[in-house]
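Q: The structure's right below; bear with me while I get my questions together.
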Amino acid sequence: MRVPFIAGNWKMNMTVAEAVTFVNEVKDGLDAVSGMESAFCVPAIALPSVAAALSRSSVFVGAQNMANNESGAYTGEISPVMIKPFADYVILGHSERREYYGETDALVNEKAKLALAHSIKPIIACGESLAQNQAGETQAFVSGQIRAALDGISTADMLKIVIAYEPIWAIGTGLSATVEQAGGIIKTAVRDTLADLYGNDVAQQIRIQYGGSVKPHNIADYMSHPDIDGALVGGASLKPDFVELVANGVTA
Ligand code: PEP
């Protein structure tokens, strides 16, 4: 069965000192939660310190992005080789990367393959804009993002990937998708597409998170949907009650 997984995405928040203080504050609480995997995806500069602070903890560490090359003349980039000693996961294709830094599906696909080659598990983010949602394009758009991001990825590698469905209009806005909306798209646009690409047996093993204004008070509703296996959490992962959010996500 799929082990549920809640990952915090800090985005561009927390100094290294703040990051270490924060994880030290919450790690025991997170370790005490059973039946749920959790992770913090932190700014690259904080990866070594956070990984050290969490070295005896069950909480995983993730990066928020990485380059599509291993080394070389790519000023300002951080490679998978550099993050690998500290990161179990890497978020790829977050809508903010796509919107502000022009990341395409093809680039996400390239990065996913490179992450897997370095044994870093990708959390591949997908999701539609408000305009696409209102135009009834969600299903086709999200399914297309999934197909493009996974192009050429083997079944063995697919089993290491987590998908995060995040409707862009619900990220950081307080406008969360309803459980029916989120679960419906996760089932029909994500899991059914995975089944089409890899077969139903594989699709049933892939963890699919919902992301978009997930808070301690609404996580249990999302987790009640049979196709939602956790969450990618932005704002609420910067607060100590992230522990409560993770605990509330455990289904009976
Ligand atoms: C995110 O950063 O992926 C996210 C879902 O943010 P928030 O939880 O703040 O909406």
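Just remember that this note's numbering sits 834 ahead of the position in the sequence shown, which is counted from 1. Quick reminder that beta carbons are idealized off the backbone N, C-alpha and C, glycines included. It should be emphasised that the depicted structure is a prediction, and the values quoted were computed from it without experimental measurement.
Between which two residues does the beta strand (DSSP E) holding K845 run?
A: Taken as a continuous stretch (DSSP letters only), K845 belongs to no beta strand (DSSP E), as it is neither H nor E.
Q: Using DSSP with H/G/I as helix, E/B as strand and the rest coil, what is R1041?
A: It is a strand residue.
Q: Helix, strand or coil: how does DSSP classify E1078 here?
A: Here E1078 sits in helix by DSSP.
Q: What did DSSP end up calling A1070 once you bin it into helix, strand or coil?
A: A1070 falls in the helix class under three-state DSSP.
Q: Would you report the Cα separation of T972 and A878, rounded to the nearest angstrom?
A: Going by the C-alpha atoms only, they are around 32 Å apart.
Q: Following a CB-centred definition, is N1082 positioned closer than 7 Å to any heavy atom of the ligand PEP?
A: No - the ligand PEP has no heavy atom lying nearer than 7 Å to the Cβ of N1082.
Q: Between E1078 and the ligand PEP, is the CB less than 7 Å from at least one heavy atom?
A: Checking every heavy atom of the ligand PEP against the Cβ of E1078, none is found closer than 7 Å.
Q: What is the C-beta distance between V996 and R1041, in whole angstroms, given that I count them as a contact (C-beta under 8 Å)?
A: Yes, they are in contact, since the Cβ atoms of V996 and R1041 sit about 5 Å apart, within 8 Å.
Q: Output the boundary residues of the alpha helix (DSSP H) element that contains S883.
A: 881-887 is the span of the alpha helix (DSSP H), which, as asked, contains S883.
Q: Please confirm whether A853 has its beta-carbon closer than 8 Å to some beta-carbon of chain C.
A: Although the question refers to chain C, the structure presented lacks it and comprises just one protein chain.
Q: Does DSSP put G978 in a helix, in a strand, or in coil?
A: In this structure, G978 counts as helix in the three-state DSSP scheme.
Q: Measuring from the CB of L926, is there a heavy atom of the ligand PEP at a distance below 7 Å?
A: Checking the Cβ of L926 against the ligand PEP gives no.
Q: If distances are taken between C-alpha atoms only, which option among M835, L993, M846 comes closest to A946?
A: For the residues M835, L993, M846, the minimum Cα distance to A946 belongs to L993.
Q: Please name the residue in N1052, I987, T938, A866 whose C-alpha comes closest to that of L1031.
A: Taking only the C-alpha atoms, the option nearest L1031 is I987.
Q: Note down, in chain order, each residue of its chain lying with its Cβ closer than 8 Å to the Cβ of A983, except the 5 sequence neighbours on either side.
A: Answer for A983: L926, G927, D939, V942, N943, A946, I958, C960, listed in chain order.
Q: Could you give the distance in angstroms between the alpha-carbon of V1067 and the alpha-carbon of Q1039?
A: The straight-line gap from Cα to Cα measures roughly 22 Å.
Q: The beta strand (DSSP E) spanning A897 covers which residue range?
A: Element bounds for A897: 894-897.
Q: Tell me K955's beta-bridge partners as DSSP assigns them.
A: Bridge partners of K955: Y923.
Q: Just to confirm before moving on: does the CB-CB distance between E871 and V837 stay below 8 Å?
A: Closer than 8 Å, so yes.
Q: Using 8 Å as the cut-off, can you tell me whether the stretch 880-891 makes contact with the stretch 847-861, which would need three or more C-beta pairs spanning the two stretches below that distance?
A: Output reads yes: the stretch 847-861 touches the stretch 880-891.
Q: Could you tell me which residues DSSP puts in a beta bridge with I997?
A: Paired residue(s): I958, I1042.
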